[in-house]
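Those sequence lines, one after another, are chains A and B.
Heads up: the first sequence at position 27 corresponds to 27 in the numbering used here, and the numbers run straight through without jumps.
Each number in the numbering used here corresponds to the 1-based position in the second sequence with 131 added.
Virtual Cβ for every residue (Gly too), placed ideally from N, Cα, C.
Protein chains: 2
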Amino acid sequence: MDATTAAGFDAFAQSCPSRQLLETIGDKWASLTIVALGLGGRMRYSELSTRIAGVSQKMLTQTLRNLERDGLLTRTVTPSVPVRVDYELTPLGSSLLEPICHLKLWAEAHMAEVNKAREEYDRGKGRAVTP
Amino acid sequence: MDATTAAGFDAFAQSCPSRQLLETIGDKWASLTIVALGLGGRMRYSELSTRIAGVSQKMLTQTLRNLERDGLLTRTVTPSVPVRVDYELTPLGSSLLEPICHLKLWAEAHMAEVNKAREEYDRGKGRAVTP
DNA sequence: CGGCATCCCGAGGGATACTG
DNA sequence: CAGTATCCCTCGGGATGCCG
């Protein structure tokens, strides 16, 4: 199918697992959901909806389906009178939690620098625009 | 600025740096670019274009601008007759490389499980459709 | 060579309303 | 409560073409 993976290793070929992972965690709601479940353990749909501020139910449902499909979380339906659905990370999902938290730590440690860099960049490049 | 990082920590408020980081690494080309520069050191525009298969020059340029704005890489113009432009990670960018590589390692270790889970999920859910 | 500018299409994703 | 379905609009991002 591909001759691209020959030399060294291309994380850049489309077939590389790195690309596939980016599809997953690149979805902002997916990573937030994983972190939410990592902190909260087993959670109901409505709990997640409340916890992850700003997500629409469409996106939440879609995200949960994708993560379930990827085997990162389980969906448990309790057929009581008001239906109850719980979501929980699988061991696989929990293992993904760790590298994600590394990113989170980086963010908390360095986002101030990033924001400062942005401001400087915007000042420097914005000179020619306003007369 | 925010009280979110204090207790338990809400990665879920919009103001949280986690969200902002997701904006950055959520862009698939951004993370690939960072990894490329992490492996290749200083690279020219055309080198990056070749290395990161599938990226359009529009997206590559846009990605490089964003990363430069964030202070993650430097853009060096050598005004020779054919203009030469080099990109290189800043220390800040290099520090981001580490958590990204954690993700990369996770992907290489677990993507097979994910793919298997996907196949099973697709088989299980497809039964009701075809009569 | 490197990179903006333009056009343009299709997917992403929010708001709303309905169902079991 | 936990979705599913529909509408609809934004914008990501590829193709193409022009500058310094």
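- For A/Gln-20, the closest Cβ of chain B is nearer than 8 Å.
- Beta-carbon to beta-carbon, A/Ile-52 and A/Leu-97 are separated by about 15 Å, too far to satisfy the 8 Å threshold.
- Going by C-alpha positions, A/Asn-66 is about 14 Å away from B/Gly-255.
- Residue pairing by DSSP places B/Met-174 opposite B/Tyr-218 in a beta bridge.
- Chain-order list of chain A residues neighbouring B/Val-245: Asp-70 and Gly-71, by C-beta distance under 7 Å.
- With contacts defined by Cβ atoms closer than 8 Å, A/Tyr-121 and B/Glu-199 form a contacting pair.
- Counting along the chain, no alpha helix (DSSP H) covers A/Leu-73; the unbroken beta strand (DSSP E) around it starts and ends at 73-78.
- The Cβ atoms of B/Pro-230 and A/Trp-106 lie closer than 8 Å to each other.
- By the rule that beta-carbons nearer than 8 Å mark a contact, B/Tyr-252 touches chain A.
- For A/Arg-118, a Cβ of chain B is located within less than 8 Å of the residue's own Cβ.
- The Cβ of B/Met-242 sits closer than 8 Å to at least one Cβ of chain A.
- Under the three-state reduction of DSSP, B/Gly-224 is assigned to helix.
- Cβ-Cβ distances below 6 Å link B/Trp-160 to Val-186, Met-190 and Thr-194 in the same chain, with the five nearest sequence neighbours on each side left out; the list follows chain order.
- B/Ser-180 and A/Leu-22 have their C-alpha atoms roughly 19 Å apart.
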